[in-house]
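Student: Quick one: the structure is below, questions incoming.
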Amino acid sequence: MSLVAATIKRDLLLAARNPGEWLNPLMFFLMVVALFPLAVDPDPKFLARIAGGVIWVAALLATLLSLDALYKSDVEDGTLEQWLASGESLYLLALAKALVHWLCSGLPLTLMAPVLGVMMALPQDAYWAMILSLLVGTPVLSLLGSVGAALTAGVRSGGLLLSLLILPMYVPVLIFAASAVYHAGIGMDYNGQIGFLGAMLALAACLTPFAAAAALKLNLSR
Amino acid sequence: MLDRYDNNSVSLAATDLFCERDDRVLFESLSFAIGNGDLLQLAGPNGAGKTTLLRLLAGLNRDYDGELLWHDEPLDDVFSEYAARRLYLGHSAAIKRALTPIENLRWLVSPWAEQANISDDELWQALEQVELGGYEETPCNQLSAGQQRRVGLARLDVVPAPLWILDEPFTALDVYGVEWLEQRIQRHVERNGAVVITSHHALQNIPSLQRLDLGLLAASPSRSDAVSDAEEGAS
Numbered sequence: 004m005s006l007v008a009a010t011i012k013r014d015l016l017l018a019a020r021n022p023g024e025w026l027n028p029l030m031f032f033l034m035v036v037a038l039f040p041l042a043v044d045p046d047p048k049f050l051a052r053i054a055g056g057v058i059w060v061a062a063l064l065a066t067l068l069s070l071d072a073l074y075k076s077d078v079e080d081g082t083l084e085q086w087l088a089s090g091e092s093l094y095l096l097a098l099a100k101a102l103v104h105w106l107c108s109g110l111p112l113t114l115m116a117p118v119l120g121v122m123m124a125l126p127q128d129a130y131w132a133m134i135l136s137l138l139v140g141t142p143v144l145s146l147l148g149s150v151g152a153a154l155t156a157g158v159r160s161g162g163l164l165l166s167l168l169i170l171p172m173y174v175p176v177l178i179f180a181a182s183a184v185y186h187a188g189i190g191m192d193y194n195g196q197i198g199f200l201g202a203m204l205a206l207a208a209c210l211t212p213f214a215a216a217a218a219l220k221l222n223l224s225r
Numbered sequence: 100m101l102d103r104y105d106n107n108s109v110s111l112a113a114t115d116l117f118c119e120r121d122d123r124v125l126f127e128s129l130s131f132a133i134g135n136g137d138l139l140q141l142a143g144p145n146g147a148g149k150t151t152l153l154r155l156l157a158g159l160n161r162d163y164d165g166e167l168l169w170h171d172e173p174l175d176d177v178f179s180e181y182a183a184r185r186l187y188l189g190h191s192a193a194i195k196r197a198l199t200p201i202e203n204l205r206w207l208v209s210p211w212a213e214q215a216n217i218s219d220d221e222l223w224q225a226l227e228q229v230e231l232g233g234y235e236e237t238p239c240n241q242l243s244a245g246q247q248r249r250v251g252l253a254r255l256d257v258v259p260a261p262l263w264i265l266d267e268p269f270t271a272l273d274v275y276g277v278e279w280l281e282q283r284i285q286r287h288v289e290r291n292g293a294v295v296i297t298s299h300h301a302l303q304n305i306p307s308l309q310r311l312d313l314g315l316l317a318a319s320p321s322r323s324d325a326v327s328d329a330e331e332g333a334s
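Next up, the structure:
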């Protein structure tokens, strides 16, 4: 257990030392959403309708951008070897890595989203729905993404492969989350969508670390 | 776990190991045992399978036939127990370049930190021992390759594991570093620890050295004899 805690601590420290790694996707998120009204139509009524979708697509792509590096350095510098040598459960380590990834990508995205909501003229009623959907939905993105990142960690330029593997699995999250924000905006109930996202999160938190751990072992047995 | 044996006793036995890579047999019918006070050097030309065998012994690779026993039980069955008693130092040092030596060392010893009550003072002392005094708070990307290796080696002073498995630990070390590490290994063996090492380094100062020549194994027809021959040759 102490290795898991030490790994979380070390990875957070690394994120603090290399802020570029998690700030870049965040800037990407900000820029995509900021450019949208300029390119399409600045009419608030029109923007209000697409706001949820745009913010969620941008958040999803920003997460994808940050995933490539998740396990790459750990495979290269021997960290993965030490994990395996320690006899510590790789399941917990994979879960810890996904948690750190979320803290450095999903959480800042969620915190930044209300500001972007103002830019996109998001309806007043939809703010809570957006924050809730991001809060529940982005951990799913991190968890699912960590499986792809573990599979492609040993591949030299695995970025594209990672996107191809992960995007199809992201689609259900995107559909439910964007729909929650949209329905909240037109004054309808959105509990169902958030409930589905919560179920996805519960499933992903239980199952994806198994897959990520198996993929990590594959990296070493070559 | 059951406390059937003393914490520091080492008994690792390999029976009839067989391993092949890409349809090339690296070793077969390989049997040997490692106990307290043993120093086993795996020797052989590049590509002979030294690192592969070392990784089998460390439990990192299960792609082999034959048996690996830790205190007469299959390695896989008692792996967490085994992992706490052996220290594996790989070819890559698992050093994060953005972090300082002390931060890296804290992570490296974390699997033992609770059980052995490793204090920060000990870690600072260990870094001093490997001549990194004064560099404790310098990010590793400003240190030389040899100094980065030393961060990994500083673990040897702190981790209470009786069995060391070291993959090319002399890489990138200067003359003094080599001398320090030789002494460190010698002291560990004298204190009844056990060491398995791959190295092209001669290690002639240590009397209890046994050599296992993997190149010989692949070449000689009577393979099971090769181990004892090699051991006799060394002693």
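First to last, the protein sequences are chains V and X. Heads up: the first sequence begins at 4 in our numbering, then just goes up one per residue. Heads up: the second sequence begins at 100 in our numbering, then just goes up one per residue. Even for Gly, the Cβ is constructed at its ideal location relative to N, Cα and C.
(1) Which residue or residues does DSSP assign as beta-bridge partners of X/ASP266?
(2) So, for V/ASN222: in the same chain, excluding its five sequence neighbours on each side, which residues have a beta-carbon less than 6 Å away from its beta-carbon?
(3) Whose Cβ in chain V lies nearer than 7 Å to the Cβ of X/TYR187?
(4) Is the Cβ-Cβ distance between X/ALA132 and X/LEU111 less than 8 Å?
(5) Grab the span of the beta strand (DSSP E) containing X/GLU166 for me, first residue to last.
(6) Quick one: which chain X residues come within Cβ less than 9 Å of V/SER2?
(7) DSSP has X/ALA132 in a bridge; who is on the other side?
(8) Could you please give the first and the last residue of the uninterrupted alpha helix (DSSP H) stretch that includes X/GLN282?
(9) Which residues mark the beginning and the end of the beta strand (DSSP E) in which X/GLN140 is found?
(10) Would X/ALA183 and X/GLY314 be called neighbours here (beta carbons separated by less than 8 Å)?
(11) Closer than 7 Å, Cβ to any Cβ of chain V: which residues of the region 262-285 of chain X, in chain order?
(12) What span of residues does the alpha helix (DSSP H) with V/LEU223 cover, start to end?
(13) Nearest to X/GLU267 by CA position, among X/GLN241, X/LEU280, X/ASP162 and X/GLY165, is which residue?
(14) Quick one: list the residues of chain V neighbouring X/GLU202, beta-carbon separation under 8 Å, in chain order.
(15) So, is the C-beta of X/VAL109 closer than 8 Å to a C-beta in chain V?
(16) Under 8 Å, do X/SER189 and V/GLY81 count as touching if we go by C-beta distance?
(17) From V/ALA88 to V/LEU137, what does the alpha carbon distance come to, in whole angstroms?
(18) Which residues in the same chain have their Cβ closer than 7 Å to the Cβ of V/ALA215, if we skip the five residues on either side of it in sequence?
(19) Alpha carbon to alpha carbon, how far is X/GLY165 from X/LEU308?
(20) Between the alpha carbons of V/GLN127 and V/LEU164, how many angstroms are there, rounded?
(21) Can you check DSSP and say which residues form a bridge with X/CYS118?
(22) Can you determine whether any heavy atom of the ligand MG sits closer than 7 Å to the C-beta of X/ASN145, and answer yes or no?
(23) X/TYR187 bridges to which residues according to DSSP?
(24) Is it the case that the region 205-217 of chain X contacts the region 231-243 of chain X, given that we only count it when at least three CB pairs across the two stretches are under 8 Å?
(25) For the beta strand (DSSP E) containing X/LEU308, list its first residue and its last residue.
(26) Could you check whether V/VAL7 and V/ALA99 sit closer than 8 Å to each other, using their CB atoms as the reference points?
(27) Just how far apart, CA to CA, sit V/SER36 and V/SER76?
(28) From X/ALA113 to X/ILE264, what does the alpha carbon distance come to, in whole angstroms?
(29) Give me the chain X residues within the contact set of V/ASP71, using Cβ-Cβ distance strictly less than 9 Å, ordered along the chain.
(30) Entirely within the region 225-259 of chain X and at least 4 residues each: give me those alpha helix (DSSP H) ranges in chain order.
(31) Could you name the residues of chain X that V/ASN21 contacts, counting a contact when the two beta carbons are closer than 9 Å?
(32) Just list the residues that DSSP pairs X/PRO173 with in beta bridges.
(33) Between the C-alpha atoms of X/LEU168 and X/CYS118, what's the straight-line distance to the nearest angstrom?
(34) Name the chain X residues whose beta carbon is nearer than 7 Å to that of V/SER108?
(35) Using a Cβ-Cβ distance cut-off of 8 Å, determine whether X/LEU222 contacts chain V.
(36) Are the region 208-225 of chain X and the region 26-46 of chain V touching by the rule of at least three beta carbon pairs closer than 8 Å?
Tutor: Reading it off the structure:
(1) X/THR297
(2) VAL78, ALA156 and GLY157
(3) ALA88
(4) yes
(5) 164-169
(6) Only positions 4 to 225 of chain V appear in this structure, which leaves residue 2 of chain V out of reach.
(7) DSSP output for X/ALA132 lists X/ALA112 as bridge partner(s).
(8) 274-289
(9) Counting along the chain, the unbroken beta strand (DSSP E) around X/GLN140 starts and ends at 138-142.
(10) no
(11) none
(12) 194-223
(13) Closest option to X/GLU267, Cα to Cα, is X/LEU280.
(14) ARG13 and LEU16
(15) no
(16) Note that residue 189 of chain X corresponds to Gly in the displayed sequence, not to Ser. Cβ atoms of X/GLY189 and V/GLY81: closer than 8 Å.
(17) 36 Å
(18) Hits under 7 Å: ALA97, SER149, VAL150 and ALA153.
(19) 25 Å
(20) 39 Å
(21) X/PHE126
(22) This structure lacks the ligand MG; in fact it carries no ligand of any kind.
(23) X/ILE264.
(24) no
(25) 308-312
(26) Contact flag set, yes.
(27) Contrary to the premise, residue 36 of chain V reads as Val rather than Ser in this sequence. Taking the straight line from one Cα to the other gives about 30 Å.
(28) 15 Å
(29) Chain X residues near V/ASP71: none, gap ~18 Å exceeds 9 Å.
(30) 244-252
(31) Correct list: ALA197.
(32) X/LEU168
(33) 16 Å
(34) Those within 7 Å of V/SER108 in chain X number zero; the least Cβ separation is about 18 Å.
(35) For X/LEU222, the closest Cβ of chain V is not nearer than 8 Å.
(36) The region 208-225 of chain X vs the region 26-46 of chain V: no contact.
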